[in-house]
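For the sequence shown, our numbering gives the first residue as 902, with consecutive numbering after it. Heads up, the beta-carbon is just placed ideally off N, CA and C, and yes, glycines get one too.
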Amino acid sequence: MASAALIDGKAFAAGLRARIAEGAAAFAHQAARQPGLAVVLVGDDPASQVYVGAKARACAEVGIASFEHRLPADTSEAALLSLIERLNQDEAVDGILVQMPLPGGLDEAAIIAAISPDKDVDGFHVLNAGRLSVGQPGFIPCTPLGCLMLLKDRLGDLAGMEAVVIGRSNIVGKPMAQLLLAANCTVTIAHSRTRDLAQVVRRADIVIAAVGRPEMVRADWIKPGATVIDVGINRLPPEEGKAKGRLVGDVAFAEVAEVAGAITPVPGGVGPMTIAVLLRNTLEAAHRHAGLPLPEGL
Ligand code: GUN
902 MASAALIDGK
912 AFAAGLRARI
922 AEGAAAFAHQ
932 AARQPGLAVV
942 LVGDDPASQV
952 YVGAKARACA
962 EVGIASFEHR
972 LPADTSEAAL
982 LSLIERLNQD
992 EAVDGILVQM
1002 PLPGGLDEAA
1012 IIAAISPDKD
1022 VDGFHVLNAG
1032 RLSVGQPGFI
1042 PCTPLGCLML
1052 LKDRLGDLAG
1062 MEAVVIGRSN
1072 IVGKPMAQLL
1082 LAANCTVTIA
1092 HSRTRDLAQV
1102 VRRADIVIAA
1112 VGRPEMVRAD
1122 WIKPGATVID
1132 VGINRLPPEE
1142 GKAKGRLVGD
1152 VAFAEVAEVA
1162 GAITPVPGGV
1172 GPMTIAVLLR
1182 NTLEAAHRHA
1192 GLPLPEGL
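Laid out in structure tokens, this is it:
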């Protein structure tokens, strides 16, 4: 019998999108235009195509204009940089997202560096990463900001809590650790070279799993009552007679739910938050661009 409370990211994201829709309508009234997000997809990676389609639909639902740019896999770096420069200058575009990963041959760091930091709604530009690390306002990567929102909603003030982030990517692990530090947690970043990972995780009041390894985090790693946030989305090999395998996180959900105080499910936990926060960041970019304050509750 599971004892942990379920953290319903799907419901929280729906509430956030409703507040964004109100904010976008008020913005359109004040600025006489919709907030705008440009989404750039290079190549035909199937997962990226699904994400980009979902982002465009989510924009439409909240009243954000989306401008999709789908480019062939053999697009040159010069052509991509020139598109980004055009979007940087475009007054109708408040946010720019270049879907990662990019096809081989394109330098992701150079592409991210070309995006105007004021339109970098992914928060991937080094200037925004630096702002986060020194506590200046800037754009914060969507997935970790979504995790922080779920944690604050569940736990309130996080000050003094022990947080262990498993994974050190630039997109999730590192910005997640910065956000938890800014919220006055005691933060450990664990990774593939951490010695006795289970022992490290056992001291955590808050566990963030973001490694991309199916069901790696086990029940005996978890302090009773801890809050567990599972960022992983992994597809298992299909069972016999099935076309597709099950989606699982980085946490062995059923057994960890016996020990944890609260846990995010996969799917329906962190996943729905990422796109909702992207919309939130786009709305923030639009307000900054127009010199307007962001409404409360976002
Ligand atoms: N690929 C996987 N996640 C993301 C994301 O949050 N932003 C972008 N641009 N690409 C991604």
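{"Query": "What is the DSSP secondary structure of Glu1063, counted as helix, strand or coil?", "Result": "strand"}
{"Query": "Can you check the region 1126–1192 for any beta strand (DSSP E) of at least 3 residues that lies completely inside it and give the ranges in chain order?", "Result": "1128–1131"}
{"Query": "Relative to the alpha-carbon of Asp1131, which residue among Ala980, Ile1016, Ala1161 and Arg1104 has its alpha-carbon at the smallest distance?", "Result": "Ala1161"}
{"Query": "Give the straight-line distance between the Cα atoms of Gly1068 and Ala1111, rounded to the nearest whole angstrom.", "Result": "5 Å"}
{"Query": "With hydrogens ignored, establish whether the beta-carbon of Met1001 is closer than 8 Å to any heavy atom of the ligand GUN.", "Result": "yes"}
{"Query": "Here's the rule: buried if 16 or more other CB atoms are within 10 angstroms of the residue's CB, otherwise exposed. What is Ala912?", "Result": "exposed"}
{"Query": "Among Arg1181, Pro1002, Val951 and Cys1043, which has the Cα closest to the Cα of Gly1198?", "Result": "Arg1181"}
{"Query": "Please state whether DSSP places Thr976 in a helix, a strand or coil.", "Result": "coil"}
{"Query": "List the residues that DSSP assigns as beta-bridge partners of Val1118.", "Result": "Val1152"}
{"Query": "Could you tell me how far apart the beta carbons of Ile1109 and Ala1064 are, in whole angstroms, since I believe they sit closer than 8 Å?", "Result": "7 Å"}
{"Query": "Would you mind sorting Ala1060 into buried or exposed? The rule is 16 or more other CB atoms within 10 Å of its CB.", "Result": "exposed"}
{"Query": "Considering just the uninterrupted stretch of the beta strand (DSSP E) at Thr1089, what are its terminal residues?", "Result": "Thr1087 to Ala1091"}
{"Query": "Quick check on this structure: which residue in Glu1009, Pro1196, Leu1179 and Leu1184 has the alpha carbon closest to the alpha carbon of Pro1045?", "Result": "Leu1179"}
{"Query": "Which same chain residues end up closer than 8 Å to Lys956 when comparing Cβ atoms and leaving out the 5 residues on each side of it in sequence?", "Result": "Leu938, Val940, Ser967, Leu998, Ile1176 and Leu1179"}
{"Query": "Skipping 5 residues on each side, what residues in its chain have a beta carbon closer than 8 Å to that of Glu962?", "Result": "Arg918 and Ala922"}
{"Query": "Grab me the residues of Cys1043's own chain with a C-beta within less than 6 Å of its C-beta, minus the 5 sequence neighbours each way, in chain order.", "Result": "Thr1175, Val1178 and Leu1179"}
{"Query": "Between the Cα of Ile1013 and the Cα atoms of Gly1036, Val1035, Leu981 and Gln990, which residue gives the shortest distance?", "Result": "Leu981"}
{"Query": "Given a threshold of 16 other Cβ atoms within 10 Å of its Cβ, counted over all protein chains shown, does Asp1097 qualify as buried or as exposed?", "Result": "exposed"}
{"Query": "Taking 8 Å as the cut-off, is the C-beta of Ile985 nearer than that to any heavy atom in the ligand HEM?", "Result": "Judged by which ligands are present, the ligand HEM is missing from the structure shown, whose ligands are the ligand GUN."}
{"Query": "So, Leu942 versus Arg971, is the Cβ gap smaller than 9 Å?", "Result": "yes"}
{"Query": "Which two residues bound the contiguous alpha helix (DSSP H) that contains Gly916?", "Result": "Gly910 to Ala932"}
{"Query": "Skipping 5 residues on each side, what residues in its chain have a beta carbon closer than 6 Å to that of Arg1104?", "Result": "Glu1063"}
{"Query": "Quick check: the region 1110–1125 against the region 1146–1161, are there 3 or more CB pairs under 8 Å?", "Result": "yes"}
{"Query": "So what does Ser967 bridge to, in DSSP terms?", "Result": "Leu938"}
{"Query": "Sorted by chain position, which residues of the same chain lie with C-beta nearer than 8 Å to Ile985's C-beta, five sequence neighbours on each side aside?", "Result": "Val941, Ile997, Val999, Ile1012, Ala1015 and Ile1016"}
{"Query": "Taking its Cβ as the centre, do 16 or more other Cβ atoms sit within 10 Å of Leu1193, making it buried, or is it exposed?", "Result": "exposed"}
{"Query": "Would Pro1249 and Gly910 qualify as a contact pair, given that the criterion is a beta-carbon distance under 9 Å?", "Result": "Since the first residue shown for the chain is 902 and the last is 1199, residue 1249 is missing from the structure and cannot be characterised."}
{"Query": "Can you pull the DSSP bridge partners for Val1022?", "Result": "Its beta-bridge partners do not exist; DSSP assigns none."}
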